[in-house]
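Chemist: Residue numbers (the numbering used here): 8 to 299. All C-beta atoms in this analysis are idealised placements derived from N, C-alpha and C, irrespective of residue type, glycine included. Quick one: the structure is below, questions incoming.
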């Protein structure tokens, strides 16, 4: 039989990649998630960990869950509270209500596991959240600090596990504990399916912030691409202008009487002005907001 840790990794590989391709994560890595949006994202994380850590504590005597239950080393609520206050101020708890649809769905999913005949399904949620935080946390913390000029060790408590000296060793131990879980095949299948469900819940959390990511400033690369397109279109219009002038020189004045008005409308200067306004303005308007 495949080891549980391996089965969890292989079974969630595709949806894990989908989560990484979410708009929120892409903008996070580019440093284009504002401190205000990130502060709201922390609220969603707090709702998730509040539900998860309460459920794990309720079942701390479950022999299978006890294998991967490390409340002192892994608990994220206190670090999240520090970050929430940093980004949202001392009144951050007021942001916990109303609960958003994605937050509520995630909470309900965890609650359903906790109150089911097989609370071992919570193993999946512990695996997805905690191993994910341990694996990518340091990279995300550096991105957050770099792009927001945060004071050292401020606003990134969530990504720091003070009681874990070696994250790689801890993750390896956690995976070994996963492989020691002894459940019936049916429950094992439930755990694997629940892990995929957990990734889906995380993607839905990300998607709630999509509307806040619209219209963000263009990156330097995107600006260069737009300016290159504009330069190409200007060159094509200039070539058309020269060709039109040459054509007009060859026209016989007596044959142009009936088409004078129409040709005036299509004259190079009018064409240039109208097309230049249509093509250049939206690009240059967006380029004005590009970060240096």
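Residues in its own chain within less than 8 Å of residue 26 by CB, not counting five upstream and five downstream?
Modeler: Taken in chain order, the residues that qualify are 32, 206, 209, 210, 213.
Chemist: For the alpha helix (DSSP H) that residue 100 lies in, which residues bound it at each end?
Modeler: Premise fails: residue 100 is in no alpha helix (DSSP H) and is neither H nor E.
Chemist: Leaving aside the five residues before and after residue 46 along the sequence, list all residues of the same chain whose C-beta is less than 6 Å from its C-beta, in chain order.
Modeler: Answer for residue 46: 94, 95, listed in chain order.
Chemist: Would a C-beta distance cut-off of 8 Å place residue 168 and residue 80 closer than the cut-off?
Modeler: Result yes, Cβ atoms of residue 168 and residue 80 sit closer than 8 Å.
Chemist: Residue 290 to residue 85, Cα distance in whole Å?
Modeler: In this prediction, residue 290 scores a pLDDT of 39, lower than 50, which makes its location untrustworthy; the coordinate-derived value is nonetheless stated afterwards. Residue 290 and residue 85: Cα-Cα distance of roughly 45 Å.
Chemist: Please work out which residues of its chain come closer than 6 Å, Cβ to Cβ, to residue 151, disregarding the five sequence neighbours upstream and downstream, and give them in chain order.
Modeler: These residues qualify, in order along the chain: 163.
Chemist: Which residues in the same chain have their Cβ closer than 8 Å to the Cβ of residue 302, if we skip the five residues on either side of it in sequence?
Modeler: As shown, the chain starts at 8 and ends at 299. That puts residue 302 outside it, with no answer to give.
Chemist: Identify the continuous alpha helix (DSSP H) that holds residue 109 and give its terminal residues.
Modeler: Run containing residue 109: 108 to 121, per the alpha helix (DSSP H) assignment.
Chemist: If you drop the 5 nearest sequence neighbours on each side, which residues of the same chain put their C-beta closer than 6 Å to that of residue 89?
Modeler: Hits under 6 Å: 164.
Chemist: In whole angstroms, what is the alpha-carbon distance linking residue 59 and residue 174?
Modeler: About 21 Å.
Chemist: Measure the CB-CB distance between residue 72 and residue 130 and report whether it falls below 8 Å.
Modeler: Yes, the Cβ-Cβ distance between residue 72 and residue 130 is below 8 Å.
Chemist: Which term fits residue 63, buried or exposed, when burial requires 16 or more other beta carbons within 10 angstroms of its beta carbon?
Modeler: Residue 63 is buried by the Cβ-count criterion.
Chemist: Since residue 87 contacts residue 52 with CB under 8 Å, what's their CB separation in whole angstroms?
Modeler: About 6 Å separates the two Cβ atoms, so the contact holds.
Chemist: Cβ atoms of residue 30 and residue 220: under 8 Å apart, would you say?
Modeler: Yes, these two residues count as a Cβ contact at 8 Å.
Chemist: Looking only at C-alpha atoms, which of 143, 124, 144, 204 sits nearest to residue 194?
Modeler: Here the closest residue by C-alpha is 124.
Chemist: Tell me the DSSP secondary structure of residue 203 in three-state form.
Modeler: It is helical.
Chemist: Kindly indicate which residue of 198, 254, 109 has the alpha-carbon position closest to the one of residue 1.
Modeler: Only positions 8 to 299 of the chain appear in this structure, which leaves residue 1 out of reach.
Chemist: For chain C, find out if any of its Cβ atoms is closer than 8 Å to the Cβ of residue 128; answer yes or no.
Modeler: Included in the structure is just one protein chain, with no chain C present.
Chemist: Quick one: grab the DSSP three-state call for residue 188.
Modeler: The answer is coil: DSSP assigns residue 188 none of H, G, I, E or B.
Chemist: In chain order, what residues of the same chain lie with their CB nearer than 6 Å to the CB of residue 274, ignoring the 5 residues before and after it?
Modeler: In this predicted model, residue 274 has a pLDDT of only 46, less than 50, meaning its place in the structure is not dependable enough to derive any value.
Chemist: Out of 82, 192, 246, 255, which one is the CA nearest neighbour of residue 14?
Modeler: The shortest C-alpha separation from residue 14 is found at 192.
Chemist: For residue 24 and residue 254, what's the separation of their Cα atoms in angstroms?
Modeler: Rounded to whole angstroms, residue 24 to residue 254 spans 57 Å at the Cα level.
Chemist: Please classify residue 23: does DSSP put it in a helix, a strand, or coil?
Modeler: Residue 23: helix per DSSP, three-state reduction.
Chemist: Does the Cβ of residue 243 have 16 or more other Cβ atoms within 10 Å, making it buried, or fewer, making it exposed?
Modeler: Per the 10 Å Cβ criterion, exposed.
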